[in-house]
Structure formats: C-alpha cells, structure tokens
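Inspection log for the structure reproduced underneath, given as structure tokens.
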Amino acid sequence: MTRTVYVNGEYLPETEAKVSIFDRGFLFADAVYEVTSVLDGKLIDFEGHAVRLKRSLDELEMAEPCTKDELLEIHRKLVELNGIEEGLVYLQVSRGSDGDRDFVFPPADTKPSLVLFTQNKPGLANSPAAQKGAKIISIEDIRWGRRDIKTVQLLYPSMGKMMAKKAGCDDAWMIEDGYVTEGTSNNAYFVKDGKIVTRPLSNDILHGITRKAVLRMAAEAQMEVEERLFTIDEAKAADEAFTTSASAFVMPVVEIDGVALGDGTPGPIAKRLREIYLDESRKAAV
Ligand code: PDD
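The working numbering puts the first residue of the sequence shown at 5, with every later residue one more than the last.
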C-alpha cells in the first residue's frame with residue numbers, strides 16, 4: 005500500500021514526495037528527528053517528543069517549522085490517513101537549503117524542511133522479540149560528543165547494529181572511557197539484587213523519552229533505581245538487563261558478549277516494567 009506522507013505543508017503519496025538534493029539534512033546530516041510510537045491508533049508521549057524536538061532545534065539554532073499544536077495535528081492526520089493502529093511516526097526537521105552546498109549555515113530565515121511518515125507495525129506491543137529478549141554485543145562508542153541532540157547522524161549506530169547482526173546478535177551497547185553509554189538506538193540498564201542501574205543524563209547519551217517514563221513508573225512501583233556510570237562487566241554479571249526506546253518500549257536483554265544473564269530468558273523486572281509501561285502509556289495516549 006502506498007503511504008501518505010507529509011512534506012512541507014502537503015500530504016502526498018510517498019512516491020510523489022520530494023526534498024531538494026541541496027537540503028542540508030541530505031548533505032550535512034544537519035537535521036534532527038523524533039520517533040513517536042502509536043498504540044490503539046493513538047500517540048504515546050507526544051508531549052515528551054515535542055519538548056525534546058524543541059530542545060534539539062534550540063541547541064542547533066534551527067528554526068521551529070511550526071507550532072506544537074500543528075505538529076500534533078500532522079501526526080494525528082497521518083496516523084488516520086494511513087490507518088495505523090500500532091506503529092511509529094517518524095519526524096525530521098532539517099535546516100533546509102538556500103540552493104547550494106556550503107559549510108556555512110544558510111540565512112536564518114531559510115525555511116526548515118519538515119518531513120513526517122508513518123511505519124505500520126502490527127504486533128509492536130506483543131512483539132515476539134520482546135518475549136525472547138535481545139542478545140547484545142559491546143562496541144566502542146566513537147560518536148560525536150552531543151548525543152543529547154537527536155540528530156540524524158546515525159551512520160555509526162547503523163554500523164553498530166550491523167556488527168551485532170554479523171555476530172548473530174540483535175543490538176550493540178557502546179562503551180566510552182570504560183563505561184557503557186547507551187544502545188545503538190536505546191538507553192541501557194541492568195538489574196542487580198533488585199536495583200535498576202542506568203547511566204545519568206549528560207551530553208553523552210540521548211535523554212530518552214521512554215527512559216524518563218520508565219524511571220518514573222519504576223519509582224512509583226517502589227523499585228530501587230540508581231543513576232550512575234557502569235561497566236559492561238557489571239552488566240554481564242547482572243541478574244537481568246534491558247533497554248528502552250519509543251520503538252521497542254522496554255526490551256529485555258538476555259545475553260551480553262556471549263554471556264547469558266540469569267537463566268538466559270527475560271528477567272522479571274524487565275517484564276514487569278514493560279507491562280506497566282504499555283499499560284500506563286496506552287491510558288495516557290492522545
Ligand atoms: N531511537 N538512545 C539513542 C541513541 C536513540 O537513538 C534512542 C531512540 C534512544 C531512546 O530514546 P526514546 O526513548 O526517546 O525513543 C536512546 C529511536 C527510537 C530511533 O532512532 O529510531
């Protein structure tokens with residue numbers, strides 16, 4: 005089925021949507037993005053994604069393409085036009101272009117490019133992958149130093165995912181100066197003796213919207229949470245581990261660098277948090 009996508013004010017069949025070859029997103033990865041999940045045809049944590057988008061834009065001195073209310077309307081319309089019950093909405097804003105390639109930013113009044121499309125993912129909430137749990141490898145983190153800004157510079161995370169696939173695994177966690185930063189497209193956690201450990205927020209990791217919600221729900225469920233740096237060896241010696249992201253919610257991790265965690269199946273805390281997260285998010289969806 006041909007999707008209807010959104011490009012700079014227009015709803016078009018995906019085959020007719022166009023962006024300039026001079027667009028700075030295309031030439032310089034000068035663009036930021038958000039991925040918002042859809043359950044029961046409704047948006048999960050739209051507010052959180054809109055606030056983070058604004059922050060990414062501000063950090064890069066990029067203009068806002070439209071208001072938050074307009075963004076919500078575009079998201080909702082695309083979900084409706086494409087009949088999405090479970091899936092994702094991808095949004096990208098680039099600095100646009102003034103019609104040539106130049107390292108210098110174009111004038112501040114250059115129109116940003118705004119592109120959104122949906123990805124239909126029936127069964128996202130009940131995914132077999134989450135029932136099995138993910139096997140991960142560890143790799144060096146060689147990304148730039150502003151990972152708190154959600155830019156489209158995703159070549160290294162994409163290569164990390166490929167390294168994992170080649171090793172017969174599902175994903176990679178990245179390590180910098182001896183400590184785990186995050187997964188290729190998710191935040192990373194381990195659980196030891198009932199305590200959930202995850203890296204604190206800084207410029208070194210993306211400030212996950214799912215992370216924020218899950219940590220709040222964990223605290224509400226009287227689970228103990230510690231935000232501190234941790235090594236991959238601590239994670240390998242853990243009782244269980246998991247990742248969080250808008251596209252996979254809470255994903256149990258069952259193996260790290262060939263070492264099985266616990267009995268090698270998804271742990272009770274990861275499973276419980278996934279249930280709570282899906283439940284609460286569905287209730288708050290818009
Ligand atoms: N990725 N860390 C990185 C590097 C990410 O790319 C993501 C999200 C996260 C989790 O953030 P959130 O909970 O807000 O989704 C952490 C999205 C899903 C993606 O690139 O597809």
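Cβ coordinates follow ideal geometry from the N, Cα and C atoms, glycine included.
Residue of the options minimising C-alpha distance to residue i
i	options	result
LEU120	VAL11, ARG7, MET178, ALA241	VAL11
ARG1	ALA245, PRO270, VAL201	Outside the shown range of the chain, which is 5 to 290, sits residue 1, and nothing can be said about it.
GLN135	ALA289, LEU219, ARG286, VAL258	VAL258
PRO116	GLU68, ASN130, MET163	GLU68
PHE191	SER251, VAL156, GLU238, CYS173	It should be pointed out that residue 191 corresponds to Asn in this sequence rather than to Phe. Among SER251, VAL156, GLU238, CYS173, the Cα nearest to that of ASN191 belongs to SER251.
GLU51	VAL218, MET221, ALA239, ILE213	ILE213
ALA264	ARG276, THR247, ALA242, THR248	ALA242
ARG314	PHE246, GLY262, ALA133, SER60	Only positions 5 to 290 of the chain appear in this structure, which leaves residue 314 out of reach.
ASP49	THR269, VAL218, PRO272	VAL218
GLU186	ASN207, LYS196, GLY172, LYS169	ASN207
ARG151	ARG80, SER189, LYS240	SER189
Residue i Cβ short of 8 Å to the ligand PDD heavy atom set
i	result
VAL229	no
ILE213	yes
HIS79	no
TYR37	yes
ALA134	no
ASN191	yes
PRO161	yes
ARG56	yes
THR71	no
ALA138	no
GLY187	yes
SER98	no
SER206	no
ARG105	no
SER285	no
Residue i - partner residues in DSSP beta bridges
i	result
ILE273	DSSP, once it has assigned bridges, lists no residue as partnering ILE273.
VAL9	LEU16
GLU77	DSSP lists no partner for GLU77.
LEU120	TYR10, LEU95
THR71	Answer by DSSP bridge pairing: none, since THR71 is not bridged.
MET255	THR247
LEU43	LYS46
SER142	TRP177
GLU38	LEU95
ILE260	ILE140, VAL263
Start-end ranges of the alpha helix (DSSP H) lying completely within the region 178-253, minimum 4 residues: 213-224, 236-240
Contiguous beta strand (DSSP E) assignments of at least 3 residues, all confined to the region 79-116: 91-98
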